[in-house]
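Asks: Dropping the structure in here first, questions after.
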C-alpha cells in the first residue's frame, strides 16, 4: 500500500466534522474512512455547513480531479 506524503495534509471542518485530506506517495488523495460515517450523519441531520470550508474543500477536490 502506498504511504502518505508528509508534506501536506489539509484539514477541513465539514458539517462540524474535522476531515483531513492526505496525499499518498502515488499521487492519490484520500480522506480517512473513519470520518465518513460522521460526515454522512451530520449531512443527514441537516447540520448547517460552514460554507467557506465547504467551498475550500470543493476547490481542492476539483483541482485534484484535474491533475
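Numbering (the working numbering), first residue to last: 21 to 87. C-beta atoms are modelled at their ideal positions from N, C-alpha and C, and glycine is treated no differently.
1) Are the CB atoms of residue 59 and residue 41 within a distance shorter than 8 Å?
2) For residue 31, I'd like the list of residues in its chain whose CB is within less than 8 Å of its CB, leaving aside the five on either flank, ordered along the chain.
3) Rounded to the nearest angstrom, what separates residue 83 and residue 57 at their Cα positions?
4) Comparing C-alpha positions only, which one of 51, 47, 65 sits nearest to residue 36?
5) Tell me which same chain residues have a C-beta within less than 8 Å of the C-beta of residue 62, skipping the five on either side of it?
Replies: Looking at the coordinates:
1) Position 21 of the chain shown, counting from 1, holds the residue named residue 41. Position 39 of the chain shown, counting from 1, holds the residue named residue 59. No, the Cβ-Cβ distance between residue 41 and residue 59 is not below 8 Å.
2) Counting from 1 along the chain shown, the entry for residue 31 is found at position 11. The residues are 38, 39, 40, 41.
3) Against the chain shown, residue 83 aligns to sequence position 63. Against the chain shown, residue 57 aligns to sequence position 37. Approximately 25 Å, taken between the alpha carbons.
4) As a first step, residue 36 must be located in the chain shown, where it is residue number 16. When each option's Cα is compared against that of residue 36, the closest is 65.
5) Locating residue 62 in the chain shown gives position 42, counting from the first residue. For residue 62, where only same-chain residues beyond five positions count, the Cβ hits under 8 Å are 34, 35, 36, 37.
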